[in-house]
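Following the numbering used here, the numbering of the sequence shown begins with 386 at its first residue and continues without gaps. Glycine included, each C-beta is placed from N, C-alpha and C at the ideal position. A short write-up of the structure that comes next.
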Amino acid sequence: MRAERSGMMRMRDESTKSAVCSRREFLGGALAAGMGAILPRMSAGAEEGKSLKIARVETFPVSYKTVGRFKFFEDAMGRPTGRPTVVVKITADDGTQGWGQSVPTPRWSYETLESVQTTIERHLAPVLIGRDALDIDGAHAAMNRAIAPSFSTGQPICKAGIDLALWDLAARASGRSVADLWGLRGIRDITMSWTLNPVKLDDIEPLIEEGRRAGYRNFNVKVAPDPKFDIELCRRVKKAAPDGFLWADANGGYDLATALEVIPKLADAGVEVLEQPLPANRLTGYRDIRKLKALPILMDEGLVSSAELEEFIKLGLLDGVAMKPARCGGLTDAKRQIELARRHGLMVLGSGLTDPDISLAASLVLYGAFDLTRPAALNGPQFLQGSILKKPFKVESGRLRVPTGPGLGVEVDPAKIASGP
Ligand SMILES: [Mg+2]
Numbered sequence: 386m387r388a389e390r391s392g393m394m395r396m397r398d399e400s401t402k403s404a405v406c407s408r409r410e411f412l413g414g415a416l417a418a419g420m421g422a423i424l425p426r427m428s429a430g431a432e433e434g435k436s437l438k439i440a441r442v443e444t445f446p447v448s449y450k451t452v453g454r455f456k457f458f459e460d461a462m463g464r465p466t467g468r469p470t471v472v473v474k475i476t477a478d479d480g481t482q483g484w485g486q487s488v489p490t491p492r493w494s495y496e497t498l499e500s501v502q503t504t505i506e507r508h509l510a511p512v513l514i515g516r517d518a519l520d521i522d523g524a525h526a527a528m529n530r531a532i533a534p535s536f537s538t539g540q541p542i543c544k545a546g547i548d549l550a551l552w553d554l555a556a557r558a559s560g561r562s563v564a565d566l567w568g569l570r571g572i573r574d575i576t577m578s579w580t581l582n583p584v585k586l587d588d589i590e591p592l593i594e595e596g597r598r599a600g601y602r603n604f605n606v607k608v609a610p611d612p613k614f615d616i617e618l619c620r621r622v623k624k625a626a627p628d629g630f631l632w633a634d635a636n637g638g639y640d641l642a643t644a645l646e647v648i649p650k651l652a653d654a655g656v657e658v659l660e661q662p663l664p665a666n667r668l669t670g671y672r673d674i675r676k677l678k679a680l681p682i683l684m685d686e687g688l689v690s691s692a693e694l695e696e697f698i699k700l701g702l703l704d705g706v707a708m709k710p711a712r713c714g715g716l717t718d719a720k721r722q723i724e725l726a727r728r729h730g731l732m733v734l735g736s737g738l739t740d741p742d743i744s745l746a747a748s749l750v751l752y753g754a755f756d757l758t759r760p761a762a763l764n765g766p767q768f769l770q771g772s773i774l775k776k777p778f779k780v781e782s783g784r785l786r787v788p789t790g791p792g793l794g795v796e797v798d799p800a801k802i803a804s805g806p
């Protein structure tokens, strides 16, 4: 699909803003203040006394062709649909630019390429233009007033594109990397996990072999809803790769009775962690599953913000977190979730939403900064073709380098946005 530029927003006259604090604004501010009471405030670059205003927010729909079969990027007939994204470019009043990327995955959660683009253009860009570009917490509070949280953060994948662009911009404004801005050094490369989601058992060994040829030694397995298939799948993967880290992800696909029956058997088959066995809202089910003590239980889909994570920790519903910045509105809250999980001794694994280019760079920066040494389920390089970067990522011996340049450490090629990746 050809990418088209759209939605350039002009700087809004500050004088048009109302000086009166409405009830909605007050509630939005109170919400942000409540979060701040729990977690540290993040104002990038504020310590250096810089002031940059957001002048333009632009969006560019960019779709990537997929390679092989991945269940979230096929239609009802099993035909590949491609991987939709929306690239976000934010320009400050001094010309500094930041790039972000939203990765809507409608078959994983409700956001679409169209909803991301129209929400940014019609609802988020108008409340961001004219704001301090380095006040990222303030940007989130403004976004959450415009698109309010329901039970949890509204349209987090959309907001993540903005968040990534603001971190990229803030770090570039001071000539530093995002990790440097956080005061973290971290590790230089990330070991990757190969995703297996076979339709039939005969597909397993060829898929493992394909991963091996690409240099991978660790495997992330999509399971549910069929426990018999899942146990055999995990047995075969463990047999073929006995030294690899075996991580199973059910994407909320079991009911409680099935989960209680299958979890000890998955442990016997060699699975080391099980992610999201039940739908995200089955909280008492998670309580019951943890009583089994058969496998570490990670959550993914349910951790849309650190507020939920804090509640789930208090309720004792999980052993760890499968992190992905796109799920929780970007790096700002993803960083908080890692810090919160670590304070409570929880396992943190790096995951993703089949992230390309800028979204992948953000995940690598985060996981590198926080020393995530377990294999990360970042399967963008496995399933996606093409790139909009001047220097595309390349997996070598099953590892990816953490970008260390200014901002998120990658350079976007605007010509590739125009022509398609
Ligand atoms: Mg998952």
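Judged by the Cβ position, residue 736 qualifies as a neighbour of ligand 1 at the 8 angstroms threshold, a heavy atom of the ligand being closer than this. DSSP, reduced to helix, strand and coil, places residue 693 within a helical segment of the structure shown.
Relative to ligand 1, even the nearest heavy atom lies 8 angstroms or more away from the CB of residue 486.
In chain order, 574, 576 place their CB closer than 6 angstroms to the CB of residue 784, counting only its own chain and leaving out the 5 sequence neighbours on each side. The count of Cβ pairs closer than 8 angstroms, one atom from the region 539-557 and one from the region 761-780, stays below three, leaving the stretches out of contact. Taken through DSSP and simplified to helix, strand or coil, residue 711 comes out as helix.
Relative to the Cα of residue 511, the nearest Cα in the group 746, 530, 627, 498 belongs to 530.
Residue 742 is classed as buried because its beta carbon has at least 16 other beta carbons within 10 Å across all chains shown. The beta carbon of residue 637 sits closer than 7 angstroms to the beta carbons of 661, 663, 664, 665, 686 from its chain, once the five residues preceding and following it are set aside; these are given in chain order. In this structure, DSSP gives residue 468 an extended state, which the three-state scheme calls strand. Assignment of beta-bridge partners to residue 495 by DSSP yields no partner. As summarised for the region 595-638, the continuous alpha helix (DSSP H) elements at least 4 residues long and confined to that stretch are 612-625, given in chain order. Counting other Cβ atoms within 10 Å of its Cβ, residue 755 reaches 16 or more and is therefore classed as buried. Secondary structure note for residue 447: its beta strand (DSSP E) is the uninterrupted segment 439-449. DSSP lists no beta-bridge partner residue for residue 528. Residue 474 sits in a strand when the DSSP states are folded into three classes.
Of the residues assessed, residue 462 falls on the exposed side of the cut-off, its CB having fewer than 16 other CB atoms within 10 angstroms. The straight-line gap separating the alpha-carbon atoms of residue 710 and residue 544 is approximately 10 angstroms. By the Cβ rule, the region 600-616 counts as touching the region 628-635, because three or more pairs are nearer than 8 angstroms. Pairwise C-beta distances place the region 777-792 in contact with the region 734-750, as three or more of them are shorter than 8 angstroms.
A heavy atom of ligand 1 is found nearer than 8 angstroms to the CB of residue 636. Here residue 591 is exposed: its Cβ has fewer than 16 other Cβ atoms, across all protein chains shown, within 10 Å.
Excluding residues up to 5 positions away in sequence, 681, 683, 731, 732 lie with their Cβ nearer than 6 angstroms to the Cβ of residue 705 in the same chain.
In the structure shown, residue 517 falls within a strand segment according to DSSP collapsed to helix, strand and coil. Burial is judged here by how many other beta carbons sit within 10 angstroms of a residue's own beta carbon; residue 562 has at least 16 and is buried. Per DSSP, residue 750 is one residue of the alpha helix (DSSP H) stretching across 742-754. Taking residue 513 as reference, the option from 679, 440, 446 with the minimal CA-CA separation is 440.
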